[in-house]
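Colleague:
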Amino acid sequence: MLLLQQMIVLFLLMGTGFLCYKLGIITDEVSKKLSAIVVNIANPALVLTGCMGESRIQGKQLLLIAAIIVLVYGALVALAMLVPRLLRVPLQSRGTYQVMTLFSNIGFMGFPVVAALYGNSALLYAALFTIPYNILIYTFGVSAMSKKEGAEREKKSWRDSFSLGRVLNVGVIACVVTIVIYLSGIQVPEFVRLTVTHLSNLTAPLSMMVIGASLATFRIGKLFSDGKLLLFSAVKLLVIPVAGMLLIRRFVDDPVICGVCMVVLATPVGSMTAMLAQQYDGDYEMASKGVALTTILSVATMPIVSMIVG
């Protein structure tokens, strides 16, 4: 019930962004600026709040979540190679579907949900997922988007695009700082904690309004007319998270770790997918539709996944 309430809140925030775009309050330029605030300030601040609470996480639990992360991403990479073939996705869109399968909206949507359901201390677990996420998106993600079988074309390879500066972005740095502060037991001054907390509170409303504004650029009816994309959305939002969580729960009994894993697996396609498609000549229209459709559907599917896996 708590997850359903949280998804309704996020849906209403998306609706606010949708309405603001239609009324001209949010423009494409404003949306980009709001995204920059979320990505570079609010979301990193939300991550940092994970090390500022009084509750502590045992070292054994951190090792457990690290092992889970390795297995989860290993399985997702395998599924990213398999799912587009099973769905008989056209060759020109196969790389885009691979990236959509692997990368979810952990930051914009996952972090606010984790914080609301399990408290800011659980964000430390969620933060760990973003480190391999950022490495994979500039390696596997770029490589998949740059492939177009049966055609010759010039483009950047993942080796050309991969750089330490991109991987060590502000989000990953915030994750590393959070872990260092947490493990070292450094006491953060109260004024710093309050400042970071206030900035972190911007994450959910601004990120959902940006997503809502992006949805306003699509014809909603057109999104639901693509049968293959709908089938993919069912696999992405229901089959993968339910199957993944049923497997994880057989070996892990910590409710917070299981909850974080559920949120990570059940979130919709990450917006970074569309950005990669545009830059590396992937199927940009399909990536944008995938982000929009799975975001809308996730408002209903995340509570369903939660009810199924308990």
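Take the sequence shown: its letter number 16 is residue 23 in this note's numbering, and every next letter is one higher. We put the beta carbon where it would ideally sit given N, CA and C, even for glycine.
1. Please report the residue range of the alpha helix (DSSP H) in which Ser-111 lies.
2. My output table needs one value for Glu-161: the three-state DSSP class, helix, strand or coil.
3. Assuming Gln-12 is part of the alpha helix (DSSP H), what are its boundary residues?
4. Do the CB positions of Leu-30 and Pro-212 come within less than 8 Å of each other?
5. Helix, strand or coil: how does DSSP classify Val-276 here?
6. Is the number of C-beta pairs between the segment 139 to 150 and the segment 95 to 110 that are closer than 8 Å three or more?
7. Express the C-alpha separation of Ile-303 and Ser-100 in angstroms, rounding to a whole number.
8. Suppose contacts are defined by Cβ-Cβ distances below 8 Å. Is Gly-277 in contact with Gly-22 by that definition?
9. If you count every other CB in all the chains shown that lies within 10 Å of the CB of Ser-191, and 16 or more means buried, which is it?
10. Using the Cα positions of Leu-135 and Gly-114, report the straight-line distance between them to the nearest angstrom.
11. With DSSP collapsed to three states, give me the class of Thr-224.
12. Quick check on Ser-153: does DSSP put it in helix, strand or coil?
13. Under 8 Å by Cβ, that's how I've got Ile-76 and Leu-131 pegged, so tell me the actual separation to the nearest angstrom.
14. According to DSSP, is Gly-102 helix, strand or coil?
15. Tell me whether Asp-290 sits in a helix, a strand or coil according to DSSP, three-state version.
16. What runs of the alpha helix (DSSP H), each 4 residues or longer, lie entirely inside the segment 239 to 270?
17. So what's Gly-57 in DSSP terms, helix, strand or just coil?
18. Taking buried to mean at least 16 other C-beta atoms within 10 Å of its own C-beta, is Phe-258 buried or exposed?
19. Out of Val-90, Ala-294, Leu-283, Cys-268, which one is the CA nearest neighbour of Gly-117?
20. Would you call the segment 199 to 209 and the segment 78 to 95 touching, i.e. three or more CB-CB distances under 8 Å?
21. Count the other CB atoms, across all protein chains shown, that sit within 10 Å of the CB of Ile-227; report buried if there are 16 or more and exposed otherwise.
22. With H, G and I counted as helix, E and B as strand and the rest as coil, what does DSSP make of Ser-232?
23. Counting along the chain, where does the alpha helix (DSSP H) carrying Ile-138 start and finish?
24. Report the rounded CA-to-CA distance for Ala-122 versus Ser-313, giving the unit in angstroms.
25. When you compare only the Cα positions, how much space is there between Ile-138 and Phe-231?
26. Answer yes or no: do Val-45 and Val-217 have a C-beta to C-beta separation smaller than 8 Å?
27. Starting from Asp-118, follow the alpha helix (DSSP H) in both directions and report where the run begins and ends.
Modeller: Once the coordinates are examined:
1. First-last for Ser-111: undefined, no H or E at that position.
2. In this prediction, Glu-161 has a pLDDT of 44, which is less than 50 and means its spatial position is unreliable; nothing more can be read from the coordinates.
3. 9 to 29
4. no
5. strand
6. yes
7. Distance between the alpha carbons of Ser-100 and Ile-303: 22 Å.
8. no
9. Per the 10 Å Cβ criterion, exposed.
10. 12 Å
11. coil
12. coil
13. That pair is no contact at about 12 Å.
14. helix
15. Looking at Asp-290 - three-state DSSP - the assignment turns out to be coil, as it is neither helix nor strand.
16. Whole alpha helix (DSSP H) segments, 4+ residues: 247 to 258.
17. helix
18. exposed
19. Cys-268
20. no
21. exposed
22. Correct three-state label for Ser-232: coil.
23. 130 to 143
24. Using only the alpha carbons, I get a separation of about 16 Å.
25. Whole-angstrom Cα-Cα distance: 33 Å.
26. yes
27. Here the sequence assigns Phe to residue 118, which means Asp is not the residue at that position. Taken as a continuous stretch (DSSP letters only), the alpha helix (DSSP H) holding Phe-118 covers 118 to 125.
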